[in-house]
Ligand code: OMP
């Protein structure tokens, strides 16, 4: 999917919601456990009920690969059932020496058909560029993450006072363009989102951390929105585990809609 196609979807749905698919056998409703593939049944209902409000889905690969070979099969089936006009993110956080990254890219872009993959920048240019060689596919590079541990490295300053995440933003913009690189910026980072926006005015940001991690949606929009929205805001647990009863998918729909209604107002305010 291209950047302008993504923006068109955002406008059509008045939404920049990414629904995070983090299906955990211990958390899904008990009645699904008698299904042949409980995780698939869970994801199918969640997708069916939230697709009206989502412009992106982000399956987190850990939740599938923890189940072994069967989990990979489930992931492939889940990826296939996501409507084609919705952007897909393989949240795999990969990155390795060039010839290995090339195979990670093949796994998620060719064997499966994800639009994008999350990538860790730590191993540098040759670990990231193999992902950029695929047409209409995206790298979503970790810049300033939502978790407490982001303080350990990402905010360390060099001798000129520049934090590491700023060097990631600066350098990586030479490897690709706003048409094939996005950045992960945590919703919990408040005003710093504005600093990331200054350093990368055109790029889309994937913003996790609203909902269960306490990030604030209007703050994200205030500091992060650009003229083509430039934001995909993710919520996983806050949507998919809104209820653990038989009404779980309807409850997920309600939570997704709540965020979409808020997003519509923010789009009207800032675009
Ligand atoms: P919830 O906190 O349940 O909404 O889930 C957040 C999702 O975003 C999880 O799948 C995390 O792995 C992911 N995530 C973060 O929480 N923080 C980050 O900085 C980056 C990610 C990510 O790359 O998606």
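In our numbering, the protein residues as written are 1 to 271.
C-beta: ideal position from N, C-alpha, C; glycine also.
| query | result |
| --- | --- |
| Which partner residues of residue 157 appear in the DSSP bridge assignment? | 163 |
| Are the Cβ atoms of residue 170 and residue 193 separated by less than 9 Å? | no |
| Tell me residue 58's beta-bridge partners as DSSP assigns them. | 20 |
| Which ranges would you report for the beta strand (DSSP E) in the region 92 to 119 if only whole runs of at least 3 residues count? | 116 to 119 |
| To the nearest angstrom, report how far apart residue 55 and residue 214 are at their CA atoms. | 22 Å |
| State the CB to CB distance for the pair residue 23 and residue 43, rounded to an integer number of angstroms; the pair is presumed to be in contact (CB under 8 Å). | 6 Å |
| Across the region 228 to 235 and the region 3 to 16, are there enough close Cβ pairs to call them in contact, namely three or more that are closer than 8 Å? | yes |
| If you compare alpha carbons, which of 175, 161, 112 is closest to residue 141? | 175 |
| Among 11, 2, 1, 172, whose alpha-carbon lies nearest the alpha-carbon of residue 263? | 11 |
| With respect to 8 Å, is the separation between the Cβ of residue 213 and the closest non-hydrogen atom of the ligand OMP below this value? | yes |
| Residue 184 bridges to which residues according to DSSP? | 142, 206 |
| Roughly how many angstroms lie between the CA atoms of residue 134 and residue 87, to the nearest whole one? | 16 Å |
| Take the Cβ of residue 157 as the centre, count every other Cβ of all protein chains shown within 10 Å, and call the residue buried at 16 or more, exposed below. | exposed |
| Any heavy atom of the ligand OMP closer than 8 Å to the CB of residue 4? | no |
| Less than 9 Å between the beta carbons of residue 165 and residue 191, yes or no? | no |
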